[in-house]
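Chemist: Residue 6 is where the sequence shown starts when you use our numbering, and the numbers rise one by one after that.
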Amino acid sequence: MAVMFNMMGSAGSMPNSKVIAQSLSEWFATEQGGYVLQREREYFDRTVADIFGYNALQLGLPEHDFLSNSRVPLRFTAGNQPGNAVRLICAELPFASASLDLVLMPHVLEFAEHPHQILREAERVLMAEGSLILSGFNPFSLWGMHRALGRKQGVPWSGRFIALPRLKDWLALLGFEVVGGRFAAYAPPFRQQKWLERASFMERAGDRWWAVSGGVYFLHAVKRVPGMRLIKPRWNEGLVRKLLPATPKLNNGVQKVEQDE
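1) Return helix, strand or coil for Ser205, following the three-state DSSP convention.
2) Where does His151 fall in DSSP's three states?
3) Output needed for Ala216: all residues of its chain with C-beta closer than 7 Å, excluding positions within five of it in sequence on either side, in chain order.
4) Could you check what DSSP says for Pro20 in three-state terms: helix, strand or coil?
5) So does the segment 220-235 actually touch the segment 77-93, counting three or more Cβ pairs closer than 8 Å?
6) So, with DSSP's three-state summary, where would you put Arg196?
7) Between the Cα of Ile167 and those of Gln37, His121, Ser30, Gln63, spot the shortest distance and give me the residue it belongs to.
8) Considering Cα atoms alone, identify which of Ile138, Ser205, Ala127 is closest to Ile94.
9) For the alpha helix (DSSP H) that Phe142 lies in, which residues bound it at each end?
10) Report back the beta-carbon spacing between Asn74 and Ser104 to the nearest angstrom; my notes put them in contact at under 8 Å.
11) Roughly how far, in whole angstroms, is the beta-carbon of Tyr48 from the beta-carbon of Phe223, given that I think they are within contact range, below 8 Å?
12) Which of the three DSSP states is assigned to Glu126 in this structure?
13) In chain order, what residues of the same chain lie with their CB nearer than 7 Å to the CB of Ser30, ignoring the 5 residues before and after it?
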């Protein structure tokens, strides 16, 4: 393990290795961030292609169109960063309830002051059977270990990594059902591309041998709305007979008179 962290720390010779990213966009531009970005794009492209509807929202990272492979006709980005189609606060979405079919949140919760409120807002604006897709950094991984042992300076290490079981509990309380997901980025958080390439065997074996130890995780959850059940009263049969309409009796009377004639 000491050798591994020495290799991560010896990457200072790379042009961007000493840069302390102040945003996730800056970090994705580094070799370390690009390694994660590639796997995020692969998952999002594959997942959004199978989701249908009319309106899709991506929160944050407007320079990375993770909805480009979606078949939803109206797609837009929103957030408090410049470049978004809609400028907003993620904890107060200015959209009508049950108006969106897809909400995609790439690493929004780790850097939010109130992640629970953001999830509540996502649940509110999603239609019944709408999809919520999100990504997060796994605290129980080599990336989480690097954050715990490091100085937590710059993005993404300054974020609050959320454990996957806790996130699933939050979603379940809001009525979401997790229907898909996976882990990725099994290689250690090396800064240099050459070390990431040498650790590529860990990526290939990760899903099989240490599936829950990927540096990032993805979740696909669907908003479930229970259907209404009609509760019928238990009628008193004797009372029901007394309350039957008089029309059948009048018809019977008419038929009896016709027969007498």
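Virtual Cβ for every residue (Gly too), placed ideally from N, Cα, C.
Note that this is a predicted model, so its numbers are computed, not measured.
Modeler: Checking against the coordinates, here is how it stands:
1) helix
2) helix
3) Phe188
4) Residue placement at Pro20 cannot be trusted, given a pLDDT of 39 that sits under 50; what the coordinates show is reported in the next sentence. Three-state DSSP puts Pro20 in coil, outside helix and strand.
5) no
6) coil
7) His121
8) Ala127
9) Run containing Phe142: none in the alpha helix (DSSP H); it sits in the beta strand (DSSP E), 131-142.
10) Not confirmed; about 22 Å, so no contact.
11) 5 Å
12) helix
13) Leu66, Glu68
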